[in-house]
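Residue numbering for the sequence shown follows the working numbering, starting at 158 and increasing by one per position.
We put the CB at the ideal spot given by N, CA and C, even for glycine.
Everything below concerns the one structure shown next.
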Amino acid sequence: MTGSTSWSEPLPTAGRALYAISVAAQLTGTGQQNIRLYETRGLLTPARTSGGTRQYSDADIAVLLHIGELLAQGLNLAGIAKVLELEAANARLHRALKRARSLPGL
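Take a look at the structure:
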(Lines of atoms letter the chains of each structure in order from A and count residues from 1; the text may use other names and numbers.)
(Lines give C-alpha, C1' and ligand atoms only; values in the text may rest on other atoms or scores of the structure.)
Protein backbone atom coordinates (compact mmCIF):
# COMPACT_ATOMS: atom_id res chain seq x y z
CA MET A 1 0.00 0.00 0.00
CA THR A 2 1.28 3.45 -0.75
CA GLY A 3 1.18 6.53 1.43
CA SER A 4 2.14 7.12 5.01
CA THR A 5 -0.48 4.85 6.58
CA SER A 6 0.60 1.29 7.25
CA TRP A 7 -1.94 -1.46 6.58
CA SER A 8 -1.91 -2.33 10.28
CA GLU A 9 -2.63 1.18 11.58
CA PRO A 10 -6.30 1.47 12.48
CA LEU A 11 -8.24 3.96 10.43
CA PRO A 12 -10.83 6.20 12.11
CA THR A 13 -13.66 3.92 10.98
CA ALA A 14 -11.62 0.72 11.16
CA GLY A 15 -14.09 -1.13 13.36
CA ARG A 16 -17.28 -0.10 11.57
CA ALA A 17 -18.50 -2.50 8.91
CA LEU A 18 -19.34 -0.17 6.05
CA TYR A 19 -18.92 -1.98 2.74
CA ALA A 20 -20.64 -4.78 0.88
CA ILE A 21 -18.42 -7.38 -0.77
CA SER A 22 -18.85 -5.74 -4.19
CA VAL A 23 -17.52 -2.44 -2.84
CA ALA A 24 -14.69 -4.20 -0.98
CA ALA A 25 -13.73 -5.91 -4.24
CA GLN A 26 -13.68 -2.59 -6.09
CA LEU A 27 -11.68 -0.83 -3.37
CA THR A 28 -9.05 -3.56 -3.29
CA GLY A 29 -8.94 -4.55 -6.95
CA THR A 30 -9.69 -8.19 -6.27
CA GLY A 31 -12.61 -10.41 -7.13
CA GLN A 32 -15.50 -11.22 -4.85
CA GLN A 33 -14.71 -14.93 -5.13
CA ASN A 34 -11.16 -14.26 -3.96
CA ILE A 35 -12.47 -12.36 -0.94
CA ARG A 36 -14.77 -15.28 -0.10
CA LEU A 37 -11.81 -17.65 -0.44
CA TYR A 38 -9.70 -15.50 1.92
CA GLU A 39 -12.51 -15.72 4.46
CA THR A 40 -12.75 -19.49 4.01
CA ARG A 41 -9.00 -19.74 4.61
CA GLY A 42 -9.31 -17.65 7.79
CA LEU A 43 -7.39 -14.64 6.49
CA LEU A 44 -10.17 -12.25 7.52
CA THR A 45 -13.55 -12.40 9.20
CA PRO A 46 -15.98 -9.71 8.06
CA ALA A 47 -18.98 -8.72 10.12
CA ARG A 48 -22.34 -10.08 9.03
CA THR A 49 -25.80 -8.63 9.07
CA SER A 50 -28.62 -10.51 10.75
CA GLY A 51 -29.42 -11.86 7.28
CA GLY A 52 -25.86 -13.15 6.81
CA THR A 53 -24.61 -10.52 4.35
CA ARG A 54 -20.89 -9.81 4.69
CA GLN A 55 -19.95 -6.27 5.66
CA TYR A 56 -16.36 -5.07 5.47
CA SER A 57 -14.72 -2.42 7.64
CA ASP A 58 -11.79 -0.17 6.78
CA ALA A 59 -9.62 -2.58 8.79
CA ASP A 60 -10.86 -5.46 6.58
CA ILE A 61 -10.06 -3.39 3.48
CA ALA A 62 -6.54 -2.81 4.84
CA VAL A 63 -6.09 -6.56 5.36
CA LEU A 64 -7.32 -7.24 1.82
CA LEU A 65 -4.83 -4.72 0.44
CA HIS A 66 -2.06 -6.33 2.50
CA ILE A 67 -3.04 -9.76 1.17
CA GLY A 68 -2.77 -8.34 -2.35
CA GLU A 69 0.71 -6.99 -1.61
CA LEU A 70 1.83 -10.36 -0.24
CA LEU A 71 0.39 -12.19 -3.26
CA ALA A 72 2.26 -9.78 -5.54
CA GLN A 73 5.47 -10.68 -3.69
CA GLY A 74 4.90 -14.33 -4.52
CA LEU A 75 3.45 -15.73 -1.30
CA ASN A 76 0.72 -18.33 -1.46
CA LEU A 77 -2.32 -18.26 0.84
CA ALA A 78 -0.73 -20.56 3.41
CA GLY A 79 2.29 -18.26 3.57
CA ILE A 80 0.05 -15.22 3.86
CA ALA A 81 -1.84 -16.85 6.73
CA LYS A 82 1.45 -17.37 8.56
CA VAL A 83 2.61 -13.80 7.89
CA LEU A 84 -0.69 -12.40 9.21
CA GLU A 85 -0.47 -14.66 12.28
CA LEU A 86 3.11 -13.56 13.03
CA GLU A 87 2.29 -9.89 12.48
CA ALA A 88 -0.64 -10.14 14.91
CA ALA A 89 1.54 -11.90 17.50
CA ASN A 90 4.23 -9.25 17.07
CA ALA A 91 1.66 -6.46 17.59
CA ARG A 92 0.39 -8.16 20.77
CA LEU A 93 3.95 -8.44 22.10
CA HIS A 94 4.64 -4.77 21.35
CA ARG A 95 1.49 -3.75 23.25
CA ALA A 96 2.45 -5.95 26.20
CA LEU A 97 5.96 -4.49 26.24
CA LYS A 98 4.57 -0.95 26.12
CA ARG A 99 2.25 -1.73 29.05
CA ALA A 100 5.09 -3.34 31.01
CA ARG A 101 7.35 -0.35 30.43
CA SER A 102 4.64 2.02 31.68
CA LEU A 103 4.36 0.26 35.06
CA PRO A 104 5.96 2.10 37.98
CA GLY A 105 9.20 0.64 39.28
CA LEU A 106 10.32 -0.94 36.03
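Quiz item: What are the residues that DSSP puts in a beta bridge with Q212?
Solution: Paired residue(s): A204.
Practice problem: Evaluate L250 with the Cβ neighbour count: other Cβ atoms within 10 Å of its Cβ, from every protein chain shown; 16 or more gives buried, anything less gives exposed. | Solution: Exposed.
Quiz item: Can you name, in chain order, every residue of its own chain whose Cβ lies under 6 Å from the Cβ of D217, other than the five neighbours on each side?
Solution: L201 and P203, listed in sequence order.
Quiz item: Would you call the CB atoms of T185 and L222 closer than 7 Å?
Solution: Taking the C-beta atoms as reference points, L222 is found nearer than 7 Å to T185.
Exercise. Could you check the C-alpha separation between A229 and Y176 for me, to the nearest Å?
Key: Between the C-alpha atoms of A229 and Y176 there is a straight-line separation of about 24 Å.
Exercise. Use the C-beta contact count for R258: other C-beta atoms within 10 angstroms, 16 or more gives buried, fewer gives exposed.
Key: Exposed is the call here.
Self-check item: Spatial distance of I192 from A238 (CA atoms)
Solution: Using only the alpha carbons, I get a separation of about 14 Å.
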